[in-house]
Each structure stands twice: as C-alpha cells, then as structure tokens.
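With my numbering applied, the sequence shown covers 7 to 295.
Okay, structure first, notes after.
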Amino acid sequence: MTTAREAVDVRVRDVAELARRMRCDIIEMLAEAGSGHPGGSLSAADIVAVLYGAVMRHSAEDPRDPGRDRFVLSKGHAAPVLYAALAQHGYFGRDHLKTLRKLGSMLQGHPDSTKTPGVEISTGSLGQGLAVSNGMALALRLDGRTEPTVFCLLGDGELQEGEVWEAAMFAPHHGLTNVVAIVDNNGLQIDGACSEVMCLGDIARKFQAFGWEAVECDGHDVAALLDVLGSARARGEAAGQPVAVVCRTVKGKGVSFMEGNADWHGKAPSREEADAALAELGCAKEVAG
Numbered sequence: 007m008t009t010a011r012e013a014v015d016v017r018v019r020d021v022a023e024l025a026r027r028m029r030c031d032i033i034e035m036l037a038e039a040g041s042g043h044p045g046g047s048l049s050a051a052d053i054v055a056v057l058y059g060a061v062m063r064h065s066a067e068d069p070r071d072p073g074r075d076r077f078v079l080s081k082g083h084a085a086p087v088l089y090a091a092l093a094q095h096g097y098f099g100r101d102h103l104k105t106l107r108k109l110g111s112m113l114q115g116h117p118d119s120t121k122t123p124g125v126e127i128s129t130g131s132l133g134q135g136l137a138v139s140n141g142m143a144l145a146l147r148l149d150g151r152t153e154p155t156v157f158c159l160l161g162d163g164e165l166q167e168g169e170v171w172e173a174a175m176f177a178p179h180h181g182l183t184n185v186v187a188i189v190d191n192n193g194l195q196i197d198g199a200c201s202e203v204m205c206l207g208d209i210a211r212k213f214q215a216f217g218w219e220a221v222e223c224d225g226h227d228v229a230a231l232l233d234v235l236g237s238a239r240a241r242g243e244a245a246g247q248p249v250a251v252v253c254r255t256v257k258g259k260g261v262s263f264m265e266g267n268a269d270w271h272g273k274a275p276s277r278e279e280a281d282a283a284l285a286e287l288g289c290a291k292e293v294a295g
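Structural data, given as structure tokens:
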C-alpha cells in the first residue's frame with residue numbers, strides 16, 4: 007500500500023519531470039523561432055508546471071468549461087512557458103511549438119486567446135493582467151460560481167507598472183478571495199537588475215499593505231510550490247483576503263549559461279547554444295519532432 011508520504015513524493019517527482027520537459031520545449035521552440043524570451047520563461051517553468059500539473063482544474067477536451075480554474079499570464083512575453091504547458095497537456099499537438107512566432111501560427115510572440123486553445127486572455131502589455139484577473143474573479147462571483155480560482159502570474163519588473171497597484175487595491179476592496187497573484191521574482195528585467203532600474207523593495211509587504219494575504223516561496227522548490235499554491239485559495243478564504251505568492255526564482259533556471267543573466271531576457275539561443283542547453287537539461291531526444 008502506498009503511504010501518504012510516498013504519494014506526495016510521486017506527485018513532486020511527476021511535476022518536476024513535467025517542468026523539465028517544459029524547459030526542453032521552451033529551448034527548442036525559441037531556437038526554431040530565432041527570437042523570444044527564454045529567461046523569464048525558464049524562471050516560471052516550475053510555477054506553471056505546478057499549476058497545470060497539480061493545482062488547477064482544467065481540461066484540454068473542454069477548454070471553456072465554466073467550472074475550470076483560470077490562468078492569466080500577465081507577463082505575456084513569457085508565452086513559451088504557457089505554450090509548453092498547454093502542449094504537454096494536449097491542448098494542441100507539440101508539433102505546433104516549432105511554429106512559434108511564425109506568420110499565421112496559433113503561437114504568437116504573446117498569448118492570443120483568439121488563436122490558441124487554452125489561452126484565457128490575450129496579454130503582452132505589461133501591468134494589465136491583474137486587473138483582468140480581478141474582472142474574471144468578480145464575474146465568477148456575480149455568476150454564483152464559487153469554485154473556480156483565477157491565478158495570475160506577474161513578473162517582478164512588471165510590478166513597476168502603476169496599473170498593478172490599482173488592481174492590488176481593487177481585489178481586497180471587493181473581497182476577491184478567488185484571485186491569486188503569483189510573482190515570478192527573479193530580480194532581473196530587460197535593462198538589468200530590478201533593484202537598479204527601479205527598486206521594488208519588499209514585494210510581499212507591499213501586497214500586505216494593500217490588503218492581501220502575502221506569502222513567500224522558493225519558486226523552484228516543487229514540494230513547496232505544491233503546498234503554497236495548492237492551499238492559496240483556502241488561505242485567502244480563511245483570511246478574507248486575496249492571496250499573493252511571491253516566488254523567489256532564478257532567471258534562465260535550468261540552463262547554466264542563462265541563469266542570472268539579464269542578457270537572456272529577450273534573446274533566443276543559437277542552434278549550438280540550444281543543443282548545449284538541451285543536453286544539460288537531459289532532453290536532447292525529447293523535443294517536438
């Protein structure tokens with residue numbers, strides 16, 4: 007008989023493996039496209055893998071099921087991590103990944119909800135995702151749907167946008183305990199360190215000051231992510247507040263020559279660099295054929 011501890015270990019292992027496969031797909035699709043954003047896609051891979059692999063209720067067979075949880079990728083330039091998750095869960099064939107950013111492809115440089123199954127909302131202009139998530143959460147509540155949760159992933163550099171904090175005021179004012187803001191806090195943006203471009207200070211305390219229940223988490227610790235994200239909705243309801251999860255991450259996580267390097271914010275790897283990254287990830291033979 008499998009013990010509860012063994013079941014948890016299996017779940018952690020399975021989600022970690024999903025994140026690894028997603029990183030493989032991210033590298034391969036960016037190399038094929040010759041453009042895109044690897045750094046922020048790789049830093050968010052564990053977070054998105056936990057959401058799609060273990061936390062969210064969703065189905066590729068019915069992407070518009072009214073009872074589904076919603077995911078909003080506010081930092082839309084990290085679209086490859088969302089496309090990798092959707093492909094791994096059968097929303098479309100993985101062969102489509104090789105069409106990233108190509109003319110006529112369903113996989114554009116930023117998520118397009120009119121083209122891609124499973125994409126909830128078109129995103130790209132930074133700072134708008136949390137406001138959209140609030141609208142979704144409020145609409146669900148007004149429709150009497152108490153179960154679905156809206157998860158919104160933001161970049162830390164994105165928090166420099168003023169609209170984020172307007173939305174941060176809105177959610178607690180309206181008691182939106184069905185929205186969860188997740189910050190991919192890798193500390194880097196396109197122009198360098200966030201602390202030097204415009205310092206964000208203590209992100210968790212900022213959300214708390216706006217009336218959120220805020221927690222911090224290692225964004226690459228799958229077991230910790232499963233615990234924090236899996237309990238976020240219940241935590242918010244208990245506190246009567248929306249929940250913000252600030253995840254400490256590493257830009258380019260998983261590929262040694264990309265990790266912690268702002269140069270890889272928006273630069274695709276060459277074929278040779280991609281092959282080296284895929285070998286390091288242990289997935290040279292697993293990419294979409």
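Positions of the beta carbon are idealized from the N, C-alpha and C atoms, including for glycine.
Check, Outcome
"Met175 burial status per 10 Å Cβ neighbour count (16 or more: buried)", "exposed"
"Reference Arg211, options Glu219, Ile196, Glu169, closest by Cα", "Glu219"
"Neighbour-count burial assignment, Gly295, 16 or more Cβ in a 10 Å radius", "Reliability fails at Gly295, whose pLDDT of 47 lies under 50, so the model's placement of it is uncertain and the value that follows must be treated cautiously. By the neighbour-count rule (16 or more Cβ atoms within 10 Å), Gly295 is not buried but exposed."
"Buried or exposed by the 16-neighbour rule on C-beta atoms within 10 Å, applied to Asp52", "buried"
"Minimum C-alpha distance to Gln126 - residue among Gln94, Gly110, Asp71, Gly246", "Inspection of the sequence shows that residue 126 is occupied by Glu rather than by Gln. Comparing Cα positions, the closest option is Asp71."
"Run of the alpha helix (DSSP H) containing Ala210, from where it starts to where it stops", "209–215"
"Residue ranges of each beta strand (DSSP E) within the segment 158–214, 3 or longer", "185–191"
"Simplified DSSP assignment, three categories, for Cys289", "coil"
"Entirely enclosed alpha helix (DSSP H) segments - the segment 223–265, minimum 4 residues", "228–236, 238–245"
"Among Val78, Tyr97, Lys108, nearest to Ser131 - alpha-carbon criterion", "Val78"
"Short Cβ contact (8 Å threshold) for Leu103 with Asp162", "no"
"One or two residues paired with Arg107 in a DSSP bridge", "In DSSP, Arg107 forms no bridge with anything."
"Residues near Gln166 in its chain [Cβ-Cβ closer than 6 Å; skip 5 each side]", "Met204"
"Residue range of the unbroken alpha helix (DSSP H) whose run includes Val87", "85–94"
"Given Pro154 as reference, the closest of Ala238, Glu286, Thr8 once Cα atoms are compared", "Ala238"
"Coarse secondary structure for Gly295, derived from DSSP in three states", "Confidence in Gly295 is poor, its pLDDT being 47 and thus under 50, which makes the residue's placement unreliable; the coordinate value appears in the next sentence. Gly295: coil per DSSP, three-state reduction."
"Residue environment, Gly96, which counts as buried when at least 16 other CB atoms sit within 10 Å", "exposed"
"Buried or exposed (CB count within 10 angstroms, at least 16 for buried), Asp31", "buried"
"Cα-Cα separation, Asp20 to Gly133", "32 Å"
"Three-state secondary structure (DSSP) of Ala10", "helix"
"Check whether Ala283 and Val261 have beta carbons under 8 Å apart", "yes"
"Val78 - DSSP class collapsed to helix/strand/coil", "strand"
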